[in-house]
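Everything below concerns the one structure shown next.
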């Protein structure tokens with residue numbers, strides 16, 4: 001559920017940057033992984049909602065945490081973020097589907113249904129990543 | 001199929017990959033003779049009012065797609081919970097999906113807490129959802145219900161604006177319907193009088209608006225339960241088909257007939273006893 005974040009907390013939301021080219025090592029455009037770059041595709045979002053949806057969960061979390069910090073003090077968001085970090089590590093290998101059960105329960109996503117659960121479910125994705133490449137990317141070897 | 005250039009699992013939710021392709025396609029199509037398909041809208045008349053015993057909601061049943069009537073018996077009054085129903089105007093798919101999501105969320109909540117959801121909760125969920133998508137979800141909804149705090153009628157616009165009013169009309173025929181409602185509404189009306197008033201409001205919307213028509217549905221929500229009358233009134237302009245359009249058997253004549261028997265011989269026979277104790 002969304003909280004009605006206080007207007008003053010908007011300053012903590014993630015700043016809207018461009019889509020940005022995918023940077024690989026040395027800060028140069030990563031042609032191997034994301035193909036040739038086109039300025040128009042990357043600087044302008046193609047749909048009005050693209051940017052706001054990309055950062056929506058992050059913004060919500062930031063607003064919630066800063067409201068919580070103002071009400072209850074620093075320890076409350078610290079404890080919660082520690083638990084989120086711990087829950088985020090309970091996952092399978094990158095190319096397999098993990099259920100995110102602990103993380104969902106902590107965030108309260110197990111009690112609500114939204115478009116994230118219906119559309120584009122990663123468990124039903126028709127394409128699979130190449131296992132070796134995905135594991136290497138996750139470990140930072142690539 | 002394994003792709004070697006996918007390094008992260010795709011995010012769930014809306015996917016905007018095809019937007020620029022669609023924009024480019026639209027330019028190509030409009031220039032030629034074909035047009036992009038239009039989504040089905042329920043350009044509509046929906047109305048609701050609060051009476052002494054509960055809430056009365058009414059809607060017409062026409063769904064249009066461009067200039068063609070796509071559905072003559074469309075159901076615009078959607079179930080949200082046992083004590084709440086919602087009329088939807090706008091893009092048909094958007095109203096259905098939004099009300100489905102709302103209904104699922106409220107069911108989970110009532111299973112968790114053991115209570116019937118309140119109308120304000122439904123309205124808040126809708127408002128958050130529609131504002132998040134900045135009006136791209138084209139759903140104008142009239143939500144009416146009876147809960148422990150009384151009888152409520154709310155309207156939610158496509159951008160997330162809400163209003164709590166005793167009588168209401170939305171959709172393309174709302175001006176005509178609102179005229180009738182403004183003229184004859186009184187607070188704390190009797191149930192039969194309220195049903196007649198909603199029927200008249202929808203009727204005037206049907207008469208004055210091209211995108212509304214066909215039958216009228218009425219939904220009465222009271223503390224005792226819900227009475228969903230579909231259709232409350234059928235339109236006088238129902239078409240009568242002149243003939244039957246099914247083909248009689250024997251319409252296509254058989255020219256030749258050839259029968260080839262399949263000869264099967266028993267090669268092996270095994271008997272397996274089934275234990276049905």
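Residue numbers (UniProt numbering), protein chains in the order written: chain R, 1 to 142; chain C, 1 to 277.
Backbone N, C-alpha and C fix where the C-beta goes; we use that ideal spot for every residue, glycine too.
Asked: On the three-pair Cβ rule with 8 Å, is the region 45-57 of chain C touching the region 78-93 of chain R?; Found: no
Asked: Strictly by DSSP, which residues pair up with residue 203 of chain C?; Found: BP columns for residue 203 of chain C are empty, so no partner.
Asked: Taking only three categories from DSSP, how would you classify residue 271 of chain C?; Found: coil
Asked: Pull the bridge partners of residue 151 of chain C from the DSSP assignment, please.; Found: C:146
Asked: Looking at residue 158 of chain C and residue 135 of chain C, is the spacing between their C-beta atoms short of 9 Å?; Found: yes
Asked: Going by other Cβ atoms of all chains shown within 10 Å of its Cβ, with 16 needed for buried, is residue 192 of chain C buried or exposed?; Found: exposed
Asked: Give the range of the alpha helix (DSSP H) segment to which residue 180 of chain C is assigned.; Found: 174-184
Asked: Is the Cβ of residue 104 of chain R closer than 9 Å to any Cβ of chain C?; Found: no
Asked: Between residue 77 of chain C and residue 245 of chain C, how many whole angstroms is the CB-CB distance? I'm expecting something under 8 Å.; Found: Rounded, the Cβ-Cβ distance is 31 Å, inconsistent with contact.
Asked: Across the region 74-89 of chain C and the region 144-152 of chain C, are there enough close Cβ pairs to call them in contact, namely three or more that are closer than 8 Å?; Found: yes
Asked: Rounded to the nearest angstrom, what separates residue 221 of chain C and residue 180 of chain C at their Cα positions?; Found: 21 Å
Asked: Quick check on residue 83 of chain C: does DSSP put it in helix, strand or coil?; Found: coil
Asked: Tell me residue 100 of chain R's beta-bridge partners as DSSP assigns them.; Found: None, per the DSSP bridge assignment.
Asked: Would you list the one or two residues that DSSP bridges to residue 168 of chain C?; Found: C:48
Asked: Check whether the Cβ of residue 68 of chain R lies closer than 9 Å to any Cβ atom in chain C.; Found: no
Asked: Anything in chain C within Cβ reach of residue 47 of chain R, meaning under 8 Å, just list it in chain order.; Found: 16, 19
Asked: In this structure, does DSSP put residue 73 of chain R in helix, strand or coil?; Found: coil
Asked: Flag this pair as yes or no: are the beta carbons of residue 103 of chain R and residue 123 of chain R separated by less than 9 Å?; Found: no
Asked: May I ask you to list the residues that DSSP assigns as paired with residue 220 of chain C?; Found: C:56, C:227
Asked: Mind listing which residues of the region 112-135 of chain C have their C-beta closer than 8 Å to chain R's C-betas, in chain order?; Found: 112, 125, 128, 129, 132, 133, 134
Asked: If you check the beta carbons only, do residue 65 of chain R and residue 13 of chain C fall under 9 Å apart?; Found: no
Asked: Could you give the first and the last residue of the continuous beta strand (DSSP E) run that contains residue 235 of chain C?; Found: Counting along the chain, residue 235 of chain C falls outside any beta strand (DSSP E), and DSSP gives it neither H nor E.
Asked: Please report the distance separating the alpha-carbon of residue 83 of chain R from that of residue 107 of chain R.; Found: 10 Å
Asked: Taking the alpha helix (DSSP H) that residue 122 of chain C belongs to, which residues open and close that run?; Found: 119-132
Asked: Decide if the region 168-178 of chain C is in contact with the region 137-149 of chain C; the criterion is three or more beta carbon pairs, one per stretch, under 8 Å apart.; Found: yes
Asked: Let me check understanding here. Comparing Cα to Cα, which of C:249, C:124, C:74, C:194 lies closest to residue 96 of chain C?; Found: C:74
Asked: Assign residue 18 of chain C to one of two classes, buried (16 or more other C-beta atoms within 10 Å of its C-beta) or exposed (fewer than that).; Found: exposed
Asked: Take residue 131 of chain C as the anchor and find which of R:53, R:45, R:101, R:73 has the nearest alpha-carbon.; Found: R:53
Asked: Taking its Cβ as the centre, do 16 or more other Cβ atoms sit within 10 Å of residue 97 of chain R, making it buried, or is it exposed?; Found: exposed
Asked: At a Cβ cut of 7 Å, what residues of the region 123-134 of chain R count as close to chain C, listed as they run along the chain?; Found: 125, 127, 128, 129, 130, 133, 134
Asked: Would you report the Cα separation of residue 182 of chain C and residue 71 of chain R, rounded to the nearest angstrom?; Found: 46 Å
Asked: In chain C, what lies closer than 9 Å to residue 64 of chain R by C-beta?; Found: Correct list: empty, because the minimum Cβ distance to chain C is about 13 Å.
Asked: Give a yes or no on whether the C-beta atoms belonging to residue 195 of chain C and residue 56 of chain C are separated by under 9 Å.; Found: yes
Asked: Let me know the secondary structure DSSP gives residue 27 of chain C once reduced to three states.; Found: helix
Asked: Can you name, in chain order, every residue of its own chain whose Cβ lies under 6 Å from the Cβ of residue 211 of chain C, other than the five neighbours on each side?; Found: 43, 64, 172
Asked: Could you name the residues of chain C that residue 119 of chain R contacts, counting a contact when the two beta carbons are closer than 9 Å?; Found: 12, 13, 14, 15
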